[in-house]
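K.L.:
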Amino acid sequence: MADNVKPRVRVPKSASVDEVVVIKTLISHPMESGQRKDRDGNTIPRSIINRFTAEFNGTSVLDATLEPAISTNPYIEFSVKLPESGDFKFTWYDDDGSVYEDVQSIEVA
Amino acid sequence: MKPYRSLGAATTVAAVAAMTLAAVTASADPVMDDELVINEELELMTDTPAPEHLGGVLGETIYSGWRFRDTETRAMQKDDFDNPMFLFVDAGLAAWDTPEGAANQSCADCHNSIEDSMKGVRAAMPRVNADGELWSLENYVNDCRETRMEAEPWGWNSQEMKNMTAAIGLQSRGMPVEVQIDGEAAPFWEKGKEMYYTRFGQLEMSCANCHEDNFGNYIRSDHLSQGQVNGFPLYRLKDQGAVSMHQRFVGCVRDTRGETFAPGSQEFRELELYVASRGMGLPVETPAVRH
């Protein structure tokens, strides 16, 4: 179980139709690769965020598989054009079964 | 022949451009054509008239270290989302509300909201406490931990301490540095000043040799700043992590090939007071981003 996991998202409050909008996301997470050993030589079990999804009004915008080589606090930034106002839903899936979510609204005119 | 000729022309243009760029870079220290606006709303002055006690040794204007950094580094500090220190600030804010120690108390149990109770605290640090000792922010944090929370004190440069001082420092962001240097603080300030101008190490260098005589010049693959401390604790790209003020002091003294003082020592707290006083009037930038 990873401690202090906290998603952070930056979505502009408003945009115009067909404007290219930059979405920034970051989740604080140790992203333990499963390749390292502790002092006694035992493998430190893998604990990473293995999937990240972004949905806009229920439509999938981005669905990414994250691998163990991705470093601590994965940062994902992407650009979108939005046809209408609505809610962005971001979901992070942890190896330990935890699911972290964040929802942000954007006004599109 | 034609391709060769155009290649030659292009090379010449590139060479001229590179020379122009070099000339501009050399004269652009501190950077004069950029403004520090955080999250597109909070404007922080990065220069201000030099405090009187300096007697003009830094000229008429003092500059934040932000003005000596690269474009990309300056941009990182303009957006709290891009500023990596905010992960540590978040951890510090979480610790503020977490009860600890035998007394099972959190910072919030006494101080309530960090936004109200800690506003302005960082801008006036270090200061003389009720017993007449010069204390830094770290001393106050550990005093609370030991006497009120009955918890183990944090190491001066521990991650937990830097998380907390960053969270507390953030509450003063934008407020001018205003430390007391007269009255009961005067003896400490005098000692700090003496230390600032004392040469240390095999290289026999004082703080002033770099940060007063040579700010703006290029050394160790970096541009020397005036050594202002209004952004600590800050994110240092070289260390990929948070760096406290005394950590930086240790680094500077070590670079003179000298035996350094300990973080949190009397010497470094006096130096902290004097160095802070050289930046009086500059707004607190905590948590800043530097190289």
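If you're matching them up, the sequences are chains A and B in order.
For the first sequence, this note's numbering gives the first residue as 3, with consecutive numbering after it.
For the second sequence, this note's numbering gives the first residue as -13, with consecutive numbering after it.
Glycine included, every Cβ here is placed at the ideal spot set by N, Cα and C.
Since this is a predicted model, take the numbers as computed values, not measurements.
Quick check on B:MET18: buried or exposed, where buried means 16 or more other Cβ atoms within 10 Å of its Cβ?
P.N.:
It is exposed - the Cβ of B:MET18 has fewer than 16 other Cβ atoms within 10 Å.
K.L.:
For A:SER30, decide whether its Cβ has a neighbour in chain B, counting only Cβ atoms nearer than 7 Å.
P.N.:
By this cut-off, A:SER30 is an interface position.
K.L.:
Between B:CYS193, B:PRO273 and B:ASP102, which has its C-alpha nearest B:VAL236's C-alpha?
P.N.:
Closest by alpha carbon: B:CYS193.
K.L.:
Could you give the uninterrupted runs of the alpha helix (DSSP H) lying entirely in the stretch 79 to 117 of chain B, keeping only those of 4 residues or more?
P.N.:
Fully enclosed alpha helix (DSSP H) runs of 4 or longer: 93 to 97 and 100 to 103.
K.L.:
What residues from chain B crowd round A:LYS26, counting only those whose CB sits closer than 7 Å?
P.N.:
Correct list: PHE67.
K.L.:
What first and last residue would you give for the beta strand (DSSP E) that runs through B:TRP175?
P.N.:
Taken as a continuous stretch (DSSP letters only), B:TRP175 belongs to no beta strand (DSSP E), being part of the alpha helix (DSSP H) at 172 to 182.
K.L.:
With 8 Å as the limit, tell me which residues of the stretch 11 to 22 of chain A have their beta carbon closer than that to any beta carbon of chain B; keep them in chain order.
P.N.:
Those would be ARG12, in chain order.
K.L.:
On the three-pair Cβ rule with 8 Å, is the stretch 234 to 250 of chain B touching the stretch 26 to 40 of chain B?
P.N.:
No contact exists between the stretch 234 to 250 of chain B and the stretch 26 to 40 of chain B.
K.L.:
Within its chain, find whatever has a CB closer than 8 Å to the CB of A:ARG38; leave out the 5 residues flanking it on each side and keep chain order.
P.N.:
Excluding residues within five positions, the ones whose Cβ falls inside 8 Å are THR45 and ILE46.
K.L.:
Use the C-beta contact count for B:ARG159: other C-beta atoms within 10 angstroms, 16 or more gives buried, fewer gives exposed.
P.N.:
Its Cβ being crowded by 16 or more others within 10 Å, B:ARG159 is buried.
K.L.:
What does A:LYS83 reach in chain B if we use C-beta pairs closer than 9 Å?
P.N.:
Under the 9 Å cutoff, chain B gives no residues; its nearest Cβ is about 21 Å from A:LYS83.
K.L.:
Return yes when the Cβ of B:ARG276 is within less than 7 Å of the Cβ of B:GLY51, no when it is not.
P.N.:
Yes; because the gap between Cβ atoms is below 7 Å, this pair is in contact.
K.L.:
Please confirm if B:LEU73 has its CB atom under 7 Å from at least one CB of chain A.
P.N.:
Interface residue, yes.
K.L.:
Of the residues that make up the stretch 75 to 86 of chain B, which ones have a beta carbon closer than 9 Å to any beta carbon in chain A?
P.N.:
Here the close residues are ASP76, ALA77 and ALA80.
K.L.:
DSSP puts B:ARG264 in a beta bridge; with which residues?
P.N.:
Looking at the DSSP assignment, B:ARG264 forms no beta bridge with any residue, so it has no partner.
K.L.:
In chain order, which alpha helix (DSSP H) runs of at least 4 residues are fully inside the stretch 42 to 73 of chain B?
P.N.:
Runs found: 57 to 64.
K.L.:
Looking only at C-alpha atoms, which of A:THR74, A:SER73, A:ASN75 and A:PHE90 sits nearest to A:SER81?
P.N.:
Of A:THR74, A:SER73, A:ASN75 and A:PHE90, the residue nearest in Cα terms is A:PHE90.
K.L.:
For the stretch 257 to 264 of chain B against the stretch 101 to 115 of chain B, do three or more pairs of beta-carbon atoms, one drawn from each stretch, fall closer than 8 Å, so that the two count as touching?
P.N.:
Segments in contact, yes.
K.L.:
Check whether the stretch 78 to 85 of chain B and the stretch 20 to 30 of chain A are in contact - that is, three or more C-beta pairs closer than 8 Å.
P.N.:
Verdict: no, contact absent.
K.L.:
For the putative contact between B:HIS210 and B:GLY217, defined by C-beta atoms under 8 Å, what is the C-beta separation to the nearest angstrom?
P.N.:
Reading off the sequence, residue 210 of chain B comes out as Leu, not His. At roughly 16 Å, the Cβ-Cβ gap does not stay under 8 Å, so B:LEU210 and B:GLY217 are not in contact.
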